[in-house]
Amino acid sequence: SQRPHGNYLAAYGQLLSSARFWAYTLCMAWSMGTLYIFLGGAPLAVGHTLDGSSAKLGLYMGLVPAGFILGSYLAGRFASKHALGATLIVGRLITCMGLLVGLILSILATAAHVLAFFGPCMFIGIGNGLTMPAANTGVLSVRADLAGTAAGLAAAMTTAGGALTASIAGLFLVKAGATHVLLGMMLISASLALLAAILAAFVDWRASKMVS
2 SQRPHGNYLA AYGQLLSSAR FWAYTLCMAW SMGTLYIFLG GAPLAVGHTL DGSSAKLGLY
62 MGLVPAGFIL GSYLAGRFAS KHALGATLIV GRLITCMGLL VGLILSILAT AAHVLAFFGP
122 CMFIGIGNGL TMPAANTGVL SVRADLAGTA AGLAAAMTTA GGALTASIAG LFLVKAGATH
182 VLLGMMLISA SLALLAAILA AFVDWRASKM VS
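Here the numbering used here = 1-based position in the sequence shown + 1.
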């Protein structure tokens, strides 16, 4: 039987009143926002250095999903031994550190090769590979009886939040070749995701203390 609309609204209200739900969802939204900024900005920022070759651009951009595969593998090994909050924080730190290195290289202009940009961006994938499974698990655990509703609502909010983040960043990505601006925008989004991960870990820790 179908659930009445009022029940759905009540379920949404219960989830949206949970700090844990918001922390995990915002972490996913800003993590995906970092990826969306990369996907939209990389062709503009470094496309001119590849002689207009879409094949080369696609090959280098493929480093990010390759990183996601690696991150997902690491998540399977790491998450089973550590708390969800710790997994989130490690994933976000990996992304932030990679992007920070890329930003420093871009500002100093010590490395002109495109790998000086795409190499650090690979850590977006590694970090997201660690973050997304843990954050999804966290969302589903907020209310076990509302797991399906939580999954759908979190997915919608993650997609919308990521798209909004990328749209705002796009206002600053108007000049071709400005890799430092692109890396800066991605680092801001990744840092916001890190703050959300820290909040999620804190809320989980506080809840465990209350139970004990």
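Every residue, glycine too, gets a C-beta built ideally from N, C-alpha and C.
- [ ] For Y25, count neighbouring Cβ atoms within 10 angstroms of its own Cβ and tell me buried if that reaches 16, exposed if not.
- [x] So Y25 ends up on the buried side.
- [ ] Identify every run of the beta strand (DSSP E) within the region 118–179, keeping only runs that are complete inside it and at least 3 residues long; order them along the chain.
- [x] Contiguous beta strand (DSSP E) elements confined to the region 118–179 do not occur, taking only those with 3 or more residues.
Task: Where the alpha helix (DSSP H) through S222 begins and ends - done: There is simply no residue 222 to check, as the chain begins at 2 and stops at 213 in what is shown.
Open item on the list: Is any non-hydrogen atom of the ligand HEM found closer than 6 Å to the C-beta of I125, if you look at the structure I gave you?
Closed with: Among the components of this structure there are no ligands whatsoever, and the ligand HEM is therefore not found.
Open item on the list: Quick check: the Cα distance between Q3 and G120, rounded to an integer number of angstroms?
Closed with: Below a pLDDT of 50, predicted positions are generally treated as unreliable, and Q3, at 49, falls in that range; no measurement from the model is reported.
Open item on the list: Could you tell me the alpha carbon to alpha carbon distance between I95 and I127, rounded to whole angstroms?
Closed with: Taking the straight line joining both Cα atoms gives about 7 Å.
TODO: Compare the C-alpha of H181 against each of C28, F22, L45 and name the closest.
DONE: Out of C28, F22, L45, L45 has the C-alpha closest to the C-alpha of H181.
Open item on the list: Would G162 pass as an interface residue toward chain D - the criterion being a Cβ-Cβ separation below 7 Å?
Closed with: The question asks about chain D, but that chain is absent: this structure has only one protein chain.
Task: Limits of the unbroken alpha helix (DSSP H) element including V47 - done: Residues 20–47.
Task: Close-in-space but distant-in-sequence residues of the same chain around L193 (CB under 6 Å, 5 per side omitted) - done: If we look at L193 and ignore the five residues flanking it on each side, its Cβ neighbours are W31.
Open item on the list: For a quick check, are the C-beta atoms of L184 and L100 less than 7 Å apart?
Closed with: Remark: C-beta atoms of L184 and L100 approach each other more closely than 7 Å.
- [ ] Note the first and the last residue of the continuous alpha helix (DSSP H) segment covering A87.
- [x] Counting along the chain, the alpha helix (DSSP H) containing A87 begins and ends at 85–109.
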